[in-house]
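Residue numbers (the UniProt record's numbering): 1 to 744.
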Amino acid sequence: MFKEIKTLRNFAAYKDFAWPNVADMRAFSKFNLFYGWNYSGKTTISRFFDCLRAGRLDEPFLGATFHVTRENGTSVNERTIQPDSTIRVFNVDYVRRNLRWDQPHDGLEPVFILGEENLALQARLEEISVLLSPLRAATTSAEERRRELERSLNQKLTDESRKIKQQLWADRTEAFERPQLQKAIEEIGPGHVSTQLTDEQYAEQSAKFSARFLDKLLAVNPPTQVLTLPKISSQLLSMTPSGGVIEKLQENPELNLWAKSGWQLHAHSAGEQCAFCGNLLSVERVDQLEQHFSQEYKEQLDKLIVIKESYVTARNAVVNASSLLFNRGNFYAHLAERATESISEYQTAVTAERNKLDAAISLLAEKEKNLFVRLRCEIESSDNNRLLQSIERLNAIVREHNDYGTRLAESRESARLTLTRHAASQAAAAMEFFDTRSKIDALKNEQNRTVQETQRLETEQRSLRATLDQSAKGAERINDYLDIYFGKADQRIVPNDKNRFEVKRGGQIAVHLSEGEKTAISFAHFLATIEERGALVEETIVFIDDPVSSLDANHLFGVFSLIESHLQNCKQLFVSTHNHEFFDLMLDWRKNSSGNIKQDSSAYLVRKLTDGAESKCDLVPLPAELIKFRSEYVYLFSLIYRCEQNPVQGGELLTLPNAMRRFLEAFLRFKYLGLDEAERWNKCFGKAAERVRKYLHVGSHENAMRATKIPDRQEAIEISKLVMAMLKSVDEDHFNGLVSKVQI
Numbered sequence: 001m002f003k004e005i006k007t008l009r010n011f012a013a014y015k016d017f018a019w020p021n022v023a024d025m026r027a028f029s030k031f032n033l034f035y036g037w038n039y040s041g042k043t044t045i046s047r048f049f050d051c052l053r054a055g056r057l058d059e060p061f062l063g064a065t066f067h068v069t070r071e072n073g074t075s076v077n078e079r080t081i082q083p084d085s086t087i088r089v090f091n092v093d094y095v096r097r098n099l100r101w102d103q104p105h106d107g108l109e110p111v112f113i114l115g116e117e118n119l120a121l122q123a124r125l126e127e128i129s130v131l132l133s134p135l136r137a138a139t140t141s142a143e144e145r146r147r148e149l150e151r152s153l154n155q156k157l158t159d160e161s162r163k164i165k166q167q168l169w170a171d172r173t174e175a176f177e178r179p180q181l182q183k184a185i186e187e188i189g190p191g192h193v194s195t196q197l198t199d200e201q202y203a204e205q206s207a208k209f210s211a212r213f214l215d216k217l218l219a220v221n222p223p224t225q226v227l228t229l230p231k232i233s234s235q236l237l238s239m240t241p242s243g244g245v246i247e248k249l250q251e252n253p254e255l256n257l258w259a260k261s262g263w264q265l266h267a268h269s270a271g272e273q274c275a276f277c278g279n280l281l282s283v284e285r286v287d288q289l290e291q292h293f294s295q296e297y298k299e300q301l302d303k304l305i306v307i308k309e310s311y312v313t314a315r316n317a318v319v320n321a322s323s324l325l326f327n328r329g330n331f332y333a334h335l336a337e338r339a340t341e342s343i344s345e346y347q348t349a350v351t352a353e354r355n356k357l358d359a360a361i362s363l364l365a366e367k368e369k370n371l372f373v374r375l376r377c378e379i380e381s382s383d384n385n386r387l388l389q390s391i392e393r394l395n396a397i398v399r400e401h402n403d404y405g406t407r408l409a410e411s412r413e414s415a416r417l418t419l420t421r422h423a424a425s426q427a428a429a430a431m432e433f434f435d436t437r438s439k440i441d442a443l444k445n446e447q448n449r450t451v452q453e454t455q456r457l458e459t460e461q462r463s464l465r466a467t468l469d470q471s472a473k474g475a476e477r478i479n480d481y482l483d484i485y486f487g488k489a490d491q492r493i494v495p496n497d498k499n500r501f502e503v504k505r506g507g508q509i510a511v512h513l514s515e516g517e518k519t520a521i522s523f524a525h526f527l528a529t530i531e532e533r534g535a536l537v538e539e540t541i542v543f544i545d546d547p548v549s550s551l552d553a554n555h556l557f558g559v560f561s562l563i564e565s566h567l568q569n570c571k572q573l574f575v576s577t578h579n580h581e582f583f584d585l586m587l588d589w590r591k592n593s594s595g596n597i598k599q600d601s602s603a604y605l606v607r608k609l610t611d612g613a614e615s616k617c618d619l620v621p622l623p624a625e626l627i628k629f630r631s632e633y634v635y636l637f638s639l640i641y642r643c644e645q646n647p648v649q650g651g652e653l654l655t656l657p658n659a660m661r662r663f664l665e666a667f668l669r670f671k672y673l674g675l676d677e678a679e680r681w682n683k684c685f686g687k688a689a690e691r692v693r694k695y696l697h698v699g700s701h702e703n704a705m706r707a708t709k710i711p712d713r714q715e716a717i718e719i720s721k722l723v724m725a726m727l728k729s730v731d732e733d734h735f736n737g738l739v740s741k742v743q744i
């Protein structure tokens with residue numbers, strides 16, 4: 001518990017407060033009551049306790065210093081202050097933080113939001129709603145602009161790729177469409193100007209691309225059979241079979257050939273009939289034929305046939321090689337002349353080789369026809385190197401042709417790619433590809449950013465709404481307190497579908513709520529939140545500032561009942577009020593049977609005094625008159641009477657005009673109900689009316705109070721005497737009754 005505010009300096013009107021060192025100034029107790037008129041400094045004290053709760057000094061209290069002691073011997077000052085969740089403060093600031101009314105429009109019923117956290121949540125919800133609208137619009141706008149840019153860019157890419165396909169890729173099976181053009185442009189990069197060709201470069205590359213492209217040629221395969229031909233020697237042509245030669249057959253090769261054919265049919269047929277003539281073949285004739293067509297004859301003939309067949313095979317190979325698959329027109333222009341010469345040389349060599357082989361074959365055939373004839377070797381020796389060399393020279397030109405074609409194809413492909421890059425570069429520049437892509441990427445980033453921010457805010461929005469919805473469901477406890485406050489279950493708060501509250505009176509939506517009703521709702525909310533989050537009343541220090549509205553004092557007993565029933569067990573209670581009736585209720589609660597304030601309670605008067613030209617607030621023991629008299633009216637009279645009988649000193653003079661004004665307003669209003677204010681004053685004070693009114697006006701108004709010096713002591717005494725004299729003359733019985741009260 002707090003014990004004393006030892007010092008409080010530069011805290012609003014508490015310029016240089018020090019705890020009074022007087023005998024009847026009790027330290028703070030379990031129950032503490034502050035009484036003071038409006039603007040006396042009560043709310044400022046509650047704000048000081050709220051600073052102790054928050055653990056900081058905010059504007060406009062920065063620079064304030066203080067020293068507060070606790071019952072346990074510890075203390076706190078502006079340097080050691082820490083947040084203290086056990087302190088709870090109800091004042092106008094709490095109402096402002098925790099209750100926000102939506103102003104009614106066009107006859108709609110007023111609704112409100114309860115709770116500081118809920119107000120913050122609702123404020124955040126409204127802020128989110130404000131933020132979401134432009135975010136969603138920005139997302140839609142970014143998406144629409146991005147799609148339009150992409151559509152336009154894709155159409156341009158499609159159109160340009162079609163042109164490039166027709167110009168450069170029509171002869172290829174590969175696709176060249178929008179994706180290929182886009183890839184080519186992206187490979188070029190933003191610095192694509194460097195890939196554009198000059199006019200000379202473009203003409204050169206176009207010529208390479210347009211060059212006539214000829215097919216590849218197959219090389220001439222050399223007739224390798226001529227390389228392995230056996231040599232026809234004189235010995236081969238002059239050799240004849242030895243032994244029994246039939247002269248008639250030897251002299252007639254055709255007859256010899258005929259006889260050979262017949263012999264092959266009648267070999268080993270001695271004594272048999274000849275198939276041709278029908279005569280019997282004699283043994284003697286068979287022996288003659290066997291000696292003529294001997295084994296030696298057969299071997300020489302077979303050898304000769306084999307050699308002849310190899311020459312026939314070689315000749316056929318040479319003949320086949322002479323049939324070329326190309327001519328001059330199949331070669332590139334720069335090779336055509338050499339190719340013509342080489343082809344001619346080759347064909348000449350082939351003809352010569354074929355003629356030699358024909359001659360050899362004829363000679364061998366003649367020898368085969370008559371093996372018994374010795375022939376002269378008149379065949380020119382074969383020079384197949386000439387043929388092979390002509391083939392090699394021709395194949396060299398073919399290779400050169402093919403190599404040139406390969407280089408030309410590579411050159412053409414290189415030119416195709418170069419021209420494609422050139423066309424892609426021109427297209428990129430014309431369609432402002434990279435600038436457009438940058439804009440698209442920027443719009444994508446903007447869209448992603450706004451989408452993510454929208455999603456984040458929507459998630460937060462759902463969470464806040466769920467929290468507010470849960471909070472709205474807890475309104476019943478507040479209604480329980482309102483039942484006590486109003487003394488009946490007539491006034492209820494009910495949540496609507498927008499997580500706000502509406503007030504129902506008698507089951508109907510209430511419209512014109514009084515300030516007292518609004519204060520009641522705030523106070524009920526305050527009581528309901530004391531025990532939230534597991535807090536215990538027994539561990540809580542509570543400060544309640546003016547729970548009864550100045551404009552609606554109809555529910556004094558309800559407020560008192562709530563405090564008495566729900567806060568009497570709190571760790572420490574502070575209550576401040578300007579309402580004397582409420583003050584009396586609270587004071588009676590804290591009195592013992594002897595009429596004195598209980599030991600567990602303390603009571604104080606909050607005053608605004610002056611120190612030179614500057615007003616300031618202080619805290620003093622509650623005057624005995626306020627303890628003794630239940631009526632503020634009697635208390636006010638006692639202040640005037642004491643000044644007239646025993647003039648006050650110093651700063652106390654500042655409170656006298658206000659006390660006198662309040663007393664006279666009450667007396668005159670009831671004494672002269674039918675007169676207006678001016679008539680009342682003139683009737684009571686006569687010529688002195690203006691003097692008294694001026695004194696009260698200058699001395700009792702807040703603005704004047706700040707700028708005036710201490711009222712003149714003699715003037716105060718004289719005005720007090722005028723008031724006492726007026727009372728005695730106007731209503732002596734009333735005057736005597738008041739005097740008897742204050743003299744007890």
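Here a beta-carbon is modelled for each residue, glycine too, at the ideal position from N, C-alpha and C. The structure displayed is predicted, hence computed values, not measured ones.
By how many angstroms is the C-alpha of residue j removed from the C-alpha of residue i?
i: aspartate 618; j: leucine 722; result: 30 Å
i: histidine 422; j: aspartate 171; result: 19 Å
i: alanine 725; j: phenylalanine 685; result: 9 Å
i: alanine 689; j: serine 638; result: 22 Å
i: glutamate 143; j: leucine 149; result: 10 Å
i: valine 537; j: threonine 529; result: 10 Å
i: isoleucine 440; j: glutamate 453; result: 19 Å
i: tryptophan 314; j: phenylalanine 326; result: With the sequence shown as reference, residue 314 is identified as alanine, and tryptophan is not the correct amino acid for it. Taking the straight line joining both Cα atoms gives about 23 Å.
i: alanine 678; j: phenylalanine 629; result: 30 Å
i: aspartate 86; j: asparagine 496; result: Residue identity check: residue 86 is threonine in the sequence provided, not aspartate. Approximately 32 Å, taken between the alpha carbons.
i: asparagine 154; j: glutamate 187; result: 17 Å
i: isoleucine 717; j: phenylalanine 582; result: 31 Å
i: arginine 386; j: lysine 308; result: 23 Å
i: lysine 645; j: proline 621; result: The sequence shown places glutamine at residue 645, rather than the lysine named in the question. The alpha-carbon atoms of glutamine 645 and proline 621 are separated by roughly 22 Å.
i: serine 342; j: isoleucine 361; result: 28 Å
i: leucine 8; j: glutamine 455; result: 50 Å
i: serine 310; j: leucine 255; result: 27 Å
i: glycine 191; j: glycine 405; result: 34 Å
i: serine 390; j: threonine 340; result: 12 Å
i: glutamate 366; j: asparagine 316; result: 20 Å
i: glutamine 82; j: lysine 571; result: 19 Å
i: glutamate 413; j: alanine 211; result: 11 Å
i: asparagine 279; j: asparagine 355; result: 48 Å
Measure the CB-CB distance between residue i and residue j and report whether it falls below 8 Å.
i: histidine 697; j: tryptophan 37; result: no
i: leucine 301; j: leucine 371; result: yes
i: lysine 671; j: aspartate 731; result: yes
i: lysine 616; j: lysine 15; result: yes
i: isoleucine 128; j: glutamine 508; result: no
i: alanine 415; j: glutamine 205; result: yes
i: alanine 409; j: phenylalanine 213; result: yes
i: threonine 459; j: valine 95; result: no
i: phenylalanine 560; j: methionine 586; result: yes
i: histidine 580; j: glutamate 614; result: no
i: leucine 626; j: leucine 605; result: yes
i: methionine 1; j: phenylalanine 28; result: yes
i: serine 720; j: cysteine 643; result: yes
i: threonine 69; j: lysine 6; result: yes
i: asparagine 118; j: leucine 468; result: yes
Under 8 Å by Cβ, that's how I've got residue i and residue j pegged, so tell me the actual separation to the nearest angstrom.
i: arginine 146; j: leucine 443; result: 4 Å
i: phenylalanine 11; j: phenylalanine 90; result: The pair is not a contact, with the Cβ atoms about 19 Å apart (cut-off 8 Å).
i: isoleucine 185; j: alanine 424; result: 5 Å
i: phenylalanine 31; j: serine 601; result: 4 Å
i: leucine 121; j: leucine 464; result: 5 Å
Segment contact flag, the segment 384 to 396 with the segment 127 to 138, C-beta cutoff 8 Å, min 3 pairs | no
Evaluate the contact criterion for the segment 538 to 547 versus the segment 42 to 49: three or more CB pairs, one atom per stretch, below 8 Å.
-> yes
Evaluate contact between the segment 174 to 190 and the segment 475 to 487, counting only Cβ atoms and requiring at least three cross-stretch pairs below 8 Å.
-> no
At which residue ranges does the segment 324 to 403 contain complete beta strand (DSSP E) runs of 3 or more residues, listed in the order of the chain?
-> none
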